[in-house]
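Below is one structure, written out as structure tokens, with a few remarks after it.
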Amino acid sequence: MSGAVSTFVDKLRAIVGDKGLITDEAGKRPYLTDWRDAYLGKALAVVRPASTEEVAGVVKLCAAEKVAVVPQGGNTGLVGGGIPLEDGREILLSLGRMNRILEIDEIGYSMTVEAGVILKTIQETAAAHDRLFPLSLAAEGSCTIGGNLSTNAGGVQVLHYGNTRHLVLGLEVVQPNGDVWNGLRALKKDNTGYDLRDLYLGAEGTLGIITRAVLKLWPKPKDVATAWIAVPSPQAAVDLLSGAHAASEDNVTSCELMGRQGIDLVLAHIPGAADPLAERHDWYVLLEWSSTRARREGAKETGLREKMEGYLGEAMEQGLVLDAAIAQNETQARALWSLRENHTEASKKEGPSIKHDISVAVSKIPSFVTEGLAAMRKALPECRPVTFGHVGDGNLHFNCQAPQGWDKQRFNAHAPAISGAIYDLVVGYGGSISAEHGIGLMKVDELAHYRSSIELDAMRAIKRALDPQNLMNPGKIVRV
Ligand code: FAD
Ligand code: 2HG
Ligand code: ZN
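Going from the sequence shown to our numbering is simple: count from 1 and add 52.
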């Protein structure tokens, strides 16, 4: 360690103490590589402050010494946003120790939390108060609310509750100069000029560090119906969803589409996974309805399960459904969900894959899938498309698994051709090249290519205005 670096590290230690500092290579390593092992960065130190004041102190020091800061929560991001660059001149600032639930307001349906609280803890705390925090995604056992807010995460209930942007009332953010902006307001209405809060949501740590948040809560559902449905095509899936909104009395809370290839990966790699239906099908929908009205056992029409059964029966007569299994209890519902939620894990175990987190209008999903699969096969005939995702939001993970036996290097040589073909098609559909995972490091060039100069200029102007020294997660989202 050079003299200048050791002095800087000593100053960090004076702010966060020994408990808040990791400087040895082995200790730093888990923070410097991402969930997919796609990126490996370097950092002067991993800093783990325990309070907003400590975050502010660290950022103030970094601003004075012109050291860049990479914030990190649970490190489950899929686009490399939380990984420092390879030059080793940044610090990694982990929010993991700031993990307290600060307040629950049952009457006001809100919860105030620190940024490092694990999403699952927030869900469980809300449930213990007969409330729901509806953000739900497969990484919920490890991702943090600060990361969710900073990526404006989506997940499996967006079609009913909205993405993370819609689940938050107020924020506290440490600015690039170390000042603390207290926007922790639990207000439903606040039209007092430009909305700073909205700027930080989805900013992936490039404008400041979120330290606390006031989250919105909902009433906890008392009746949930979950079905695993084989459908003949993506068109049938979209039609089934379209009718389900009214049939469920506007209670559709999840609608996920999956192709057979992904199911085969889950069955191959996830212990205990089992196909709920007797025969193989090409496409599946996981449909969930939730209501705050409790089931009335014994009455003629007892609840959502019966209503869903009726709807699926009619849909079967119309040819929209080939076969279906409705969960009879929570354990069965969990088993159906685990088939869906283990797609990412199973794909990682299978080997290299190229991810395309795209969105188009829901009604355009069927033709996009047809054209997208053709484009992928044209770019690499041996590729193995794995299509799944949040069809209710028009958001598919239109991924491409490497041909069997191919290593990362061989497969990645084809990535520009495959991704270029998919993104060109998406943009032709008026869609998005990143629906929910963000831009991070992975899609900086794509964003620069596909967004208009008006949008890019505005993004750069905002970045320069709020972070004039370019010290907040530089190189992510846009280059300035
Ligand atoms: P990190 O990965 O640590 O960071 C993500 C970004 O936010 C980085 O740019 C980082 O610098 C920044 N950041 C983190 N904390 C802060 C903070 N306090 N202040 C400022 N910036 C900060 N995403 C979805 O949207 N929907 C899904 O359905 C989904 N499913 C997933 C399933 C699996 C199995 C995995 C591995 C990932 C999935 N993701 C999904 C991606 C990921 O979980 C989300 O992006 C999540 O919101 C990241 O949270 P995190 O705490 O892990 O953030
Ligand atoms: C999901 O919906 C995540 O499960 C991960 O967004 C998607 O692995 C992926 O591509
Ligand atoms: Zn997703």
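C-beta: ideal position from N, C-alpha, C; glycine also.
With respect to the 8 angstroms criterion, residue 226 and residue 235 are not classified as neighbours on the basis of their beta carbons.
DSSP places residue 226 in the uninterrupted beta strand (DSSP E) bounded by 220–226.
The residues 410, 411 and 412, in chain order, have a CB closer than 7 angstroms to that of residue 483 in the same chain once the five nearest residues on each side in sequence are set aside.
The C-beta distance from residue 266 to residue 222 rounds to 4 angstroms, short enough to fall under 8 angstroms.
When rounded, the separation of the alpha-carbon atoms in residue 450 and residue 407 is 7 angstroms. Look at residue 202 here: in three-state DSSP terms it is helix. Around the beta carbon of residue 415, a 10 Å sphere encloses fewer than 16 other beta carbons of the protein chains shown; the residue is thus reported as exposed. For residue 268, the uninterrupted beta strand (DSSP E) segment begins and ends at 261–268. Residue pairing by DSSP places residue 340 opposite 278 and 306 in a beta bridge.
Within the DSSP secondary-structure output, residue 146 pairs in a beta bridge with 124.
In the DSSP assignment, residue 271 is bridged to 183. Counting only runs that start and end inside the region 403–454, the beta strand (DSSP E) elements of at least 3 residues fall at 409–411, 436–442 and 447–453. In terms of side-chain proximity, the C-beta atom of residue 301 is found no nearer than 7 angstroms to any non-hydrogen atom of ligand 3. Every beta strand (DSSP E) of 3 residues or more that sits fully in the region 361–392 is shown, in chain order, as 375–378.
Counting along the chain, residue 523 sits inside no alpha helix (DSSP H), nor does DSSP assign it H or E at all. Within the DSSP bridge table, the entry for residue 92 names 85 as partners. When secondary structure is reduced to three states using DSSP, residue 155 falls in the strand class.
If the five residues before and after residue 446 are omitted, its C-beta is found closer than 7 angstroms to the C-beta atoms of 411, 412, 413, 414 and 417, all from its own chain and listed in chain order. Under the DSSP assignment, residue 294 falls in the alpha helix (DSSP H) whose first and last residues are 286–299. As DSSP reads the structure, residue 283 sits in a beta bridge with 335. Distance from the Cα of residue 239 is smallest, within the candidate group 525, 385 and 268, for 268. For residue 197, the three-state secondary structure derived from DSSP is helix.
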